[in-house]
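This report refers to the structure that appears directly beneath it.
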Amino acid sequence: MKSNYLIIFILIIFTNIVCSRWIPRKENDKNTNICDKLDEYINSLYSNVEYLNYSDIKACFELTPYNKTKATQVIEAVKENFKGFYAFLDQAKEPNPAFALRPIDLISELDLVLKNNYSFEFQFIYDVTDLIQELRDGHTWLESKDYHKYSFDQGISMYSVIRKDGTQEIKVFNDVKDPCNVDCQVIDIDDKPAIEVITEFARNHTFFSRDLSSRFNSALASLAFGNGDFYIAGQLFTFRNQLPKNPSISYTLNCNGKFSKITREWQVPIKSVQYKSPYINGASVGKATLIFDAFVARFYILQDFGVVLISTESILTDANADLEYRFLSNVAIGFKLLADRGIKKIVLDLSNNGGGQIFIAHYINKLLFPNMQNFPLDFKVNDLSIPLIEEVSKLKKGIGSIFHYKSFISAETNCPFDSVNDFIGNNIYTRGGDQVKYTSKAFFNDTTLYTGTFKLLKPPKLPWTEKDIVILTNGLCQSSCAIITQRLAEINVPTIAVGGFPNTRFSFAQYAVGAAYSSDDLIVSLVLLKNLNSSLISKLSIPGNLTLYYTIAEAYSLKNQNEVMDYAFRPADYQLYYDERSARDPSHLWIQAAKYFRK
């Protein structure tokens, strides 16, 4: 039940090398398969090649011609997965003026893809991927292990600065190839105004939010906290996992009145590492005093208030599940230390949070507000999903699965469901012009979501109310992170969004969802169930080296009972902007955020 948020999109993996060592080409050697050569360089322990060549990767992709029979198999399996389990398939067909998104009849438009003429397989895969991503649902995408496995970067990252007069500039955030370019203004990109180019890219080629302002932030660079340190996140414009259409991009820079034009080739570093921020050394952030480091969270005191950084996605520890409990216990200790220091106000900074365990979000909400109930949810009910729910629910060892009725508590009675039929229910809604059926609304039974042996510390009694906390994000607070922030916002905790466009309020969080799933997870579940018809497995199995991810459960507001959280436009109460200092030292943002505690 973890959010399969693509971490590869939010990490910049540059190595500090100025001169590239390109793969030698054997233009006339027809016996050399360039794809095998690329794999050889990647897997070799002794290769001195540091970057793969754009033209070599393109040549590798073009070795596989388009096969319409295979393409049809892909389309049919994707359609069946969506029809059976994608929570928003019907709602996506409705106009969405709040986010300026066009209605998408995904099943019909997938069929239309097959009418296109392609030369190569990767072109077809990219078109299917782009169509699915047009839903702007960060939990829903198609991943190809062949055509999405390379990370193309340019060694440069940018950020947005908004002046007091409302003018907006794009500037160089970091440049591992030429540090002299840092903080130069980016005037043009490929001879077009930089802001227009970044906005167009965010509008049409990013999918981490339905809100354009948040997607604009994701196209640019910003600092993130995770894995025990700060790193540069986002930067999707110069860090991509699809083969760019052109081998390079040009940038016109203004460096203190001196204009220059640079061209950057797309490169794929062989050894990918998380690129840590060069602007924050160790645990200190500006004048904030660190009082506790919980690895997945840090607790600071700044002036007379506290600051808490929480990285929900860092608590993904399948190798040692008990470690998740230890992390959470440390989070509880950190909050208790702030309380013991007499801190009256808390800035909760959850910027650049890609999601994580639902259980983690629920625990943090209960830690801060013990009587808080979390968002109810439901699942699609149809001829594909019902057999799976019924079979899983027969298994005692299936408790904890999102298909087992005993994993949930009825939102109507606040008690466990009496039977699987009680869970399936008979709830019919009109969405996208069609009558669609969903399960009864339910809360996750958190005690079934975790089977570890390590016992959490009893949550300490904390002194803060909704008037004492303010939430700060850059709009990229997703999945389990949004379960925290959007639920706190429903009890009137103030919210602040950083960045975006001048004087344009935008969402502080995305996808407060019940659960995300994948086609691989689904097939594993089906194979383990002996009583299911084997034709069901065949129908849902996606051919080739592909995995389909999708939202499987939708969450509902508790404040507005029929409002689906994923489609609710929830702009932040207040907006802040990055400048040259705050983009690299978030303590400047924390000080500004502290002005918005409720009086």
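Numbering (mature numbering (1 follows the signal peptide of the UniProt record, and there is no 0)) for the sequence shown: -20 to -1, 1 to 579.
We treat Cβ as the ideally placed atom computed from N, Cα and C, and that holds for glycine.
Predicted model only: the values in this text are computed from it and were never measured.
Candidates the options: closest to residue i by CA position
i	options	result
I37	P249, Q148, L569	P249
G64	D414, P75, K519	K519
P566	D170, V152, V327	V327
D553	K575, Y536, L347	K575
E56	S521, N483, H185	S521
D70	K417, D398, P474, I369	K417
F279	K225, F132, Q490, F205	F205
V141	S189, A201, Y98, Q113	A201
Q490	T147, S331, F219, N154	S331
N236	I175, S257, I167	I167
L203	K241, M138, L318, D358	M138
Q103	L223, N542, L468, F349	L223
D145	I532, Q572, Y557, R578	Y557
T44	P83, S99, F62	S99
7 Å Cβ shell around residue i - same chain, five flanking residues per side excluded
i	result
Y245	Residue identity differs from the one stated: residue 245 is Glu in this sequence, not Tyr. Only Y34, P227, S228 meet the Cβ criterion.
D273	A263
R561	H568
T186	R195, S198, A199, L216
S381	V372, S387
C40	I14, C15, L18
Coil, strand or helix - residue i by DSSP
i	result
F403	helix
Q572	helix
F349	coil
P45	strand
G378	helix
E74	coil
D565	coil
S331	coil
V58	helix
K241	strand
F577	coil
R195	helix
Q53	helix
S515	helix
K324	coil
D163	coil
F286	One detail in the question is off: residue 286 reads as Gly in this sequence, not Phe. Here G286 sits in strand by DSSP.
E560	coil
K151	strand
N-terminal and C-terminal residue of the alpha helix (DSSP H) that residue i is part of
i	result
D500	499 to 507
T465	460 to 469
A277	Counting along the chain, A277 falls outside any alpha helix (DSSP H), though it belongs to the beta strand (DSSP E) covering 277 to 282.
Y106	101 to 113
L368	365 to 372
Continuous beta strand (DSSP E) stretch holding residue i: start and end
i	result
F388	388 to 390
E446	Run containing E446: none; DSSP gives neither H nor E here.
K249	The question names Lys, but residue 249 in the sequence shown is Pro. Note, P249: beta strand (DSSP E), 247 to 249.
A535	526 to 535
Close Cβ partners of residue i (< 6 Å) along its chain, the five nearest in sequence each way excluded
i	result
Y66	Y530
T292	N333, G336, I340, S460, C461
W570	L282, V287, V327
H384	V372, S373, G378
R5	No answer about R5 holds up, because its pLDDT of 38 lies below 50 and its placement is not dependable.
Cutoff 8 Å; reference residue i; Cβ partners in own chain excluding five residues on either side
i	result
C395	I389
S487	S189, R190, D191, S193, S194, G455, A477, F549, R550, P551, A552
T527	L122, E123, K125, S498, S499, D500
Subject >> Three-pair Cβ contact test at 8 Å for the stretch 490 to 508 versus the stretch 157 to 171 >> reply: no
Subject >> Three-pair Cβ contact test at 8 Å for the stretch 437 to 450 versus the stretch 310 to 324 >> reply: yes
Original post:
Okay, do the stretch 449 to 457 and the stretch 417 to 428 touch, 3+ Cβ pairs below 8 Å being the bar?
Top reply: no
Original post:
Is the stretch 84 to 91 touching the stretch 107 to 118, taking contact as three or more C-beta pairs under 8 Å?
Top reply: yes
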